[in-house]
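Enquirer:
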Amino acid sequence: MKLKLALWGIFLFSIGAMTTWRGIKDLVVSVREAKPTKMTCAEYYKRRPSVRWLHLTRCRIDYRRAGLFDYNGKIIRKSPSGMISPIFVVAVKPDVPKYSGMVQLLMRVEGNTKRQLLHTLFHFKAEKKEAELQRMLREQKKDLVVVQEIRGFASFGDDVTGTLHSKMRFNFPDNLARRYGLLNQGRRPPGGLGWILIGFGGVFLIAGLGLFMKSFQGKDKDKDAAEEVVSAILNG
Numbered sequence: 001m002k003l004k005l006a007l008w009g010i011f012l013f014s015i016g017a018m019t020t021w022r023g024i025k026d027l028v029v030s031v032r033e034a035k036p037t038k039m040t041c042a043e044y045y046k047r048r049p050s051v052r053w054l055h056l057t058r059c060r061i062d063y064r065r066a067g068l069f070d071y072n073g074k075i076i077r078k079s080p081s082g083m084i085s086p087i088f089v090v091a092v093k094p095d096v097p098k099y100s101g102m103v104q105l106l107m108r109v110e111g112n113t114k115r116q117l118l119h120t121l122f123h124f125k126a127e128k129k130e131a132e133l134q135r136m137l138r139e140q141k142k143d144l145v146v147v148q149e150i151r152g153f154a155s156f157g158d159d160v161t162g163t164l165h166s167k168m169r170f171n172f173p174d175n176l177a178r179r180y181g182l183l184n185q186g187r188r189p190p191g192g193l194g195w196i197l198i199g200f201g202g203v204f205l206i207a208g209l210g211l212f213m214k215s216f217q218g219k220d221k222d223k224d225a226a227e228e229v230v231s232a233i234l235n236g
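Here the sequence shown is numbered in this note's numbering, starting from 1 and rising by one per residue.
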């Protein structure tokens with residue numbers, strides 16, 4: 001019983017430590033990046049900055065080559081009709097003549113207008129409605145191939161977490177650089193979330209430490225101690 005109690009304590013303490021560390025990282029980013037860093041997309045490609053809150057100008061985006069994914073990182077070939085919040089992702093390239101290098105930045109598309117446009121585009125492709133698709137590509141080319149400014153919060157390297165992001169490189173239509181970035185359009189640094197993570201992390205740290213310390217107490221108190229700590233966690 002003592003060993004089991006100690007293991008539970010170590011487990012909860014580990015969760016608390018990881019959660020707290022992530023919260024501290026988010027808070028540091030929100031304090032350090034009080035406003036987005038502005039640069040051209042070409043400048044971003046020449047020297048990727050360490051900052052993550054970005055305002056990029058002169059970005060060329062071809063929405064015709066967007067990818068449609070589910071939350072497991074699997075590319076979707078069927079119509080997005082009926083899907084709950086389909087994930088549309090596009091390559092962001094510098095507005096330079098005939099750029100042919102690796103894609104270093106992707107953008108998760110937000111905004112109802114562009115999402116509706118992509119929803120229709122992918123529906124025509126999936127349903128093999130070639131006439132409607134070609135007419136749409138002709139009539140709405142100015143909306144599908146654009147040079148625009150984008151703002152959002154980006155993830156890179158180890159911060160690109162989750163199955164969706166880890167599998168993106170193998171499923172995306174264009175060739176991605178080894179350490180590509182994924183920009184969430186319109187997002188800001190998660191300062192508020194950082195405080196929440198630190199709060200939850202603190203609870204698990206205290207609970208884990210409490211269980212671990214209780215494991216060294218008398219045998220008769222083990223059961224009551226475990227029940228007390230677990231009850232405190234479940235009841236907040």
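Every residue, glycine too, gets a C-beta built ideally from N, C-alpha and C.
With a cut-off of 8 Å, do at least 3 Cβ pairs link the segment 33-43 to the segment 55-65?
Expert: yes
Enquirer: Could you tell me whether the segment 75-84 touches the segment 119-127, where touching means 3 or more Cβ pairs closer than 8 Å?
Expert: yes
Enquirer: Would you identify the three-state DSSP class for GLN185, choosing helix, strand or coil?
Expert: DSSP, reduced to helix, strand and coil, places GLN185 within a strand of the structure shown.
Enquirer: What's the gap between the Cα of TRP8 and the Cα of ILE206?
Expert: 12 Å
Enquirer: If we count the other Cβ atoms within 10 Å of its Cβ and call it buried at 16 or more, is LEU3 buried or exposed?
Expert: It is exposed - the Cβ of LEU3 has fewer than 16 other Cβ atoms within 10 Å.
Enquirer: Rounded to whole angstroms, how far is the Cβ of PHE237 from the Cβ of ILE10, which I believe are closer than 8 Å?
Expert: The structure shown has nothing for residue 237, since the chain only spans 1 to 236.
Enquirer: Using beta-carbon positions only, say whether GLN104 and TYR63 come within less than 8 Å of one another.
Expert: no
Enquirer: For LEU106, which residues of its own chain have a beta-carbon under 8 Å away from its beta-carbon, when the five flanking residues on both sides are left out?
Expert: VAL89, VAL90, ALA91, VAL92, MET168, PHE172, LEU176, TYR180, GLY181, LEU182 and LEU183
Enquirer: Counting along the chain, where does the alpha helix (DSSP H) carrying GLU139 start and finish?
Expert: For GLU139, the enclosing alpha helix (DSSP H) covers residues 130-139.
Enquirer: Beta-carbon separation of GLY186 and GLY152 under 8 Å?
Expert: yes
Enquirer: What are the boundary residues of the beta strand (DSSP E) that includes GLN104?
Expert: 103-108
Enquirer: Could you tell me the boundaries of the beta strand (DSSP E) in which GLN148 lies?
Expert: 145-156
Enquirer: Is PRO94 closer than 8 Å to LYS60 when the C-beta atoms are compared?
Expert: The question names Lys, but residue 60 in the sequence shown is Arg. For ARG60 and PRO94, yes; Cβs fall inside 8 Å.
Enquirer: Is MET102 buried or exposed, if buried means 16 or more other CB atoms sit within 10 Å of its CB?
Expert: exposed
Enquirer: Quick check on ARG108: buried or exposed, where buried means 16 or more other Cβ atoms within 10 Å of its Cβ?
Expert: buried
Enquirer: Grab me the residues of PHE156's own chain with a C-beta within less than 6 Å of its C-beta, minus the 5 sequence neighbours each way, in chain order.
Expert: GLY181
Enquirer: Starting from ARG60 and walking both ways along the beta strand (DSSP E), at which residues does that stretch end?
Expert: Unbroken beta strand (DSSP E) run through ARG60: 53-62.
Enquirer: My understanding is that GLY201 touches GLY23, with C-beta atoms under 8 Å, so please give their C-beta distance in whole angstroms.
Expert: 6 Å
Enquirer: Just the Cα atoms here: how many angstroms apart are TYR99 and GLN134?
Expert: 25 Å
Enquirer: Could you compute how far the alpha carbon of GLN148 sits from the alpha carbon of GLN140?
Expert: 16 Å
Enquirer: Is DSSP giving MET213 helix, strand or coil here?
Expert: helix
Enquirer: Which value, in whole angstroms, describes the spacing of the CA atoms of GLY162 and ALA131?
Expert: Note that GLY162 has pLDDT 48, beneath the 50 cutoff, so the model's placement of it is unreliable and the number below is only indicative. So the two alpha carbons sit approximately 38 Å from each other.
Enquirer: Do you know offhand how far SER81's Cα is from LEU121's?
Expert: 11 Å
Enquirer: On the DSSP bridge list, what partners appear for MET39?
Expert: LEU56
Enquirer: When the Cα atoms are used, what is the spatial distance from ILE84 to GLN217?
Expert: 51 Å
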